[in-house]
Ligand SMILES: Nc1ncnc2c1ncn2[C@@H]1O[C@H](COP(=O)(O)OP(=O)(O)OP(=O)(O)O)[C@@H](O)[C@H]1O
Ligand SMILES: Nc1ncnc2c1ncn2[C@@H]1O[C@H](COP(=O)(O)OP(=O)(O)O)[C@@H](O)[C@H]1O
Ligand code: SF4
Ligand code: SF4
Ligand SMILES: [Mg+2]
Ligand SMILES: [Mg+2]
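As structure tokens, this is what we get:
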């Protein structure tokens, strides 16, 4: 299948007190056409930084290297003007807190209209009608009235729908959704996830879905990449990862969440905490919390290894024997 | 049966909505609108519902951190809402609260040791040496190094701060702890550490918990019974095992069906609710859920459903039953 996006060796360093620290460290992944890829991990593991790096939205004081291949080009190497065209036209993004990305003093219709003008040249009545149609498509009731509302007049779920309407206004090839439902109640989350699934099916849009919720991944994604401390430690088909997780961190995550199904047994936590950027352990970054850590783990960072076609794991337990010993 | 530890009767909290230069009251937000339940000694009562349905307001009203508009809160044979001065202070020692945000709930200028010692100083308990010893002992109970007493909140991670918040709730040897979204701000790997800790402490100190959360799998895990709130009113109350297997109220059913399950093979029969929770300033007539209920009938729009025990220990407010 054709790849929409291919990220190769992406690395992001932040400058803190005169020194650079890697927040995203040598990650590889791709997204196929029409596919939804989940990017999961706990707070601070680099999910948002990864998406901002792809969109080239990181500020000064950051070093980004590696390749982000889209449509035969490396997005990290094209001129700013071209990147601006791709952003919004080909790739759009929605964030966790829609209020921060909506303009509080502009009517909803004006904000959607702006995107429609920029990307499709629509103005006036045509833009307004299209805006109403988009609002209807994302399931907003009374769209003819809401089009004249301001963001603060809407609930969190409705604002997120508006963000999706704006993101879809240009019919993007790829939608990057960074925790789009984390701030919402489960009942509203179900509405939004349902909407995203429908849009992806009807328009063939690929989605990079960033979340910390493994339930959302199981429900929405075909493949998943698990991040820990700036690295992708395991990736593969969703079913494979949930049924046969190989990396001790993935296994730990799956064991530590309380379940809605099955018996209520004592939880098995992962001991310790996620390390901060400045205190990254040497060798495997998960070693201080890993129940299987060996000497080699503390000395040397493992490389990703393929355990099944399309299923990679970054762990010495899965490295070819001669290297591990 | 023995007297329950806590009995809440028809608790209400209305926040006035004020407008204009004269700040006239033009209406009320009915954040909690007639909630009644009992909590047995040693049990964990989970409280769930969407944001804004009144969970935090209810917890704070029980402790009188905010003054309830009406109702009764009986604790150990006394109505808390009738107490004042030293008898109220004495009662409050028995009931503590842990908040969601471990960052905001600790004073950044106090050392951990002082944070934990302060309630004992306020209540004039123990000698200074005993207090220090108790602080170290408490830190150990919640899984922290006793030497952390000298450190300050900013030096700790979210999970560690929440442990400190729990230790502070334990200082005065309470009988009841209200936990308002205690793990919502934590990473899942740390969340499970804190949930295990809460279970251990409950056994060790015979604690009774009211556990408020919006995460249903967490509530299922920790609770003996679960109360479902909607728009400040009670929708359903049942044993945790029963509620998840046999939910009766259409709102509970929708809520449970909306939770994404971390199993790609799980079969889902999702009930997608239309629209949002209405504003508690202007709640619907009749059943508060009728605007979103997939099985609403005519009677639901005009008559408030009664709160009834439709099966043993299983209560619901819905015209279907
Ligand atoms: N502008 C910045 N300067 C310095 N460090 C940063 C900056 N932005 C992010 N970081 C750090 O980079 C790491 C990854 O952050 P990122 O926001 O990508 O995490 P995340 O996985 O999206 O977490 P969350 O689930 O909390 O959204 C964190 O340690 C964070 O503190
Ligand atoms: N101090 C206050 N003044 C006015 N309204 C309030 C106040 N505190 C809470 N509310 C309102 O009361 C309702 C219930 O709030 P809350 O108890 O915080 O809900 P929950 O904890 O279930 O999310 C909401 O509509 C909220 O906006
Ligand atoms: S490399 Fe070693 S420490 Fe890291 S996850 Fe694998 S076994 Fe654990
Ligand atoms: S009373 Fe009527 S509207 Fe309310 S939950 Fe029951 S069926 Fe639905
Ligand atoms: Mg993020
Ligand atoms: Mg709350």
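Residue numbers (our numbering), protein chains in the order written: chain A, 1183 to 1507; chain B, 2 to 322. All C-beta atoms in this analysis are idealised placements derived from N, C-alpha and C, irrespective of residue type, glycine included. On a predicted model such as this, the values are computed, not experimentally measured, just so you know.
Neighbour flag for residue 274/B against chain A, beta carbons, 7 Å: Reading the second chain from its first residue, position 273 is the one you call residue 274/B. Contact of residue 274/B with chain A is assigned, a C-beta pair being separated by under 7 Å.
DSSP-derived helix/strand/coil call for residue 1299/A: Walking along the first chain from the start, residue 1299/A turns up at place 117. When secondary structure is reduced to three states using DSSP, residue 1299/A falls in the helix class.
Proximal residues, the region 1359 to 1372 of chain A versus chain B, C-beta separation under 8 Å: Listed by position along the chain: 1367, 1368, 1369, 1370, 1371, 1372.
CA-to-CA distance, residue 17/B to residue 1227/A, given in whole angstroms: Within the first chain, numbered from 1, the residue matching residue 1227/A stands at position 45. Within the second chain, numbered from 1, the residue matching residue 17/B stands at position 16. About 43 Å.
The region 187 to 204 of chain B: positions lying closer than 7 Å to chain A by Cβ: Answer set for the region 187 to 204 of chain B: 188, 189, 190, 191, 193, 194, 196, 197.
Cβ-heavy atom distance, residue 1502/A to ligand 3, below 6 Å: Position 320 of the first chain holds residue 1502/A. Distances taken from the Cβ of residue 1502/A to the heavy atoms of ligand 3 include none shorter than 6 Å.
Proximal residues to residue 1277/A (C-beta, below 6 Å), its chain only, five neighbours per side dropped: On the first chain, residue 1277/A is found 95 positions in, with the first residue counted as 1. In the same chain as residue 1277/A, and ignoring 5 residues on each side of it, the C-beta atoms closer than 6 Å to its own belong to 1283, 1360, in chain order.
Heavy atom of ligand 3 within 6 Å of residue 1407/A beta-carbon: Counting from one through the first chain, the residue named residue 1407/A turns up at place 225. With a threshold of 6 Å, the Cβ atom of residue 1407/A does not count as near ligand 3, since no heavy atom of the ligand is closer than that.
Start-to-end residues for the alpha helix (DSSP H) that takes in residue 275/B: For the purposes of this step, residue 275/B is taken as the residue at position 274 of the second chain. For residue 275/B, there is no enclosing alpha helix (DSSP H), since its DSSP letter is neither H nor E.
Spatial neighbours of residue 324/B in its chain, beta-carbon cut-off 8 Å, leaving aside the 5 residues before and after: Past the edges of chain B, shown from 2 to 322, lies residue 324/B, and the structure says nothing about it.
Residue 1505/A, DSSP secondary structure in three states: In the first chain, the residue the question calls residue 1505/A occupies position 323. The pLDDT assigned to residue 1505/A is 48, lower than 50, so where the model puts this residue is not dependable, and the model offers no usable value.
Local conformation of residue 120/B per DSSP, three classes: By one-based count along the second chain, residue 120/B stands at place 119. Helix, per DSSP.
Residue from 184/B, 250/B, 288/B with nearest C-alpha to residue 101/B: Mapped onto the second chain, residue 101/B falls at position 100. Of the candidates 184/B, 250/B, 288/B, the one whose C-alpha sits nearest the C-alpha of residue 101/B is 184/B.
DSSP-derived helix/strand/coil call for residue 104/B: On the second chain, position 103 is the one that residue 104/B refers to. The answer is coil: DSSP assigns residue 104/B none of H, G, I, E or B.
Proximal residues, the region 211 to 232 of chain B versus chain A, C-beta separation under 7 Å: So the list reads 215, 217, 218, 219, 221, 222, given in the order they occur along the chain.
Close-in-space but distant-in-sequence residues of the same chain around residue 1403/A (CB under 7 Å, 5 per side omitted): What you label residue 1403/A is simply residue 221 of the first chain in a count that begins at 1. The answer, listed in chain order, is 1218, 1219, 1220, 1391, 1420.
Distance cut-off 6 Å: residue 56/B Cβ against heavy atoms of ligand 8: Looking for ligand 8 in the displayed structure turns up nothing; the ligands present are ligand 1, ligand 2, ligand 3, ligand 4, ligand 5 and ligand 6.
Interface positions of the region 1211 to 1233 of chain A facing chain B (Cβ-Cβ less than 7 Å), listed along the chain: Listed by position along the chain: 1224, 1225.
Alpha-carbon spacing of residue 249/B relative to residue 259/B, whole angstroms: Sequence index remark: in the second chain, residue 249/B carries index 248 (1-based). Sequence index remark: in the second chain, residue 259/B carries index 258 (1-based). C-alpha separation (whole angstroms): 15 Å.
Limits of the beta strand (DSSP E) - the one that residue 1128/A falls within: As shown, chain A starts at 1183 and ends at 1507. That puts residue 1128/A outside it, with no answer to give.
Any C-beta of chain B under 7 Å from that of residue 1421/A: In the first chain, counting from the first residue as 1, residue 1421/A sits at position 239. Yes - at least one Cβ of chain B is within 7 Å of the one on residue 1421/A.
Backbone secondary structure at residue 192/B - three-state DSSP: On the second chain, position 191 is the one that residue 192/B refers to. In the three-state scheme derived from DSSP, where H, G and I count as helix and E and B as strand, residue 192/B is classed as helix.
Contact check, residue 113/B vs residue 165/B, beta carbons under 7 Å: Stepping through the second chain from its first residue, residue 113/B is reached at position 112. Stepping through the second chain from its first residue, residue 165/B is reached at position 164. Yes. Within cutoff.
Any chain B beta carbon closer than 7 Å to residue 1507/A: As a working note, residue 1507/A is residue 325 in the first chain. Unreliable positioning characterises residue 1507/A in this predicted model, as indicated by a pLDDT of 43, which lies under 50. A coordinate reading is not provided.
Cβ pair count under 8 Å reaching 3, the region 1459 to 1472 of chain A against the region 1408 to 1419 of chain A: Yes, they touch.
Residue 1498/A beta carbon near ligand 3 (any heavy atom closer than 6 Å): As a working note, residue 1498/A is residue 316 in the first chain. Remark: the C-beta of residue 1498/A is in contact range of ligand 3, defined as less than 6 Å to any heavy atom.
DSSP beta-bridge partners of residue 1494/A: Here the question's residue 1494/A lines up with position 312 in the first chain. Partner(s): 1417/A, 1488/A.
Delimiting residues of the beta strand (DSSP E) encompassing residue 66/B: On the second chain, position 65 is the one that residue 66/B refers to. Neither: residue 66/B is in no beta strand (DSSP E) and is coded neither H nor E.
Beta bridge counterpart(s) of residue 75/B as assigned by DSSP: The count along the second chain starts at 1 and reaches residue 75/B at position 74. Its beta-bridge partners are 8/B, 80/B.
Option nearest residue 270/B by Cα separation, candidates 283/B, 278/B, 280/B, 256/B: Taking the second chain and counting its residues from 1, the one referred to as residue 270/B is at position 269. Closest by alpha carbon: 256/B.
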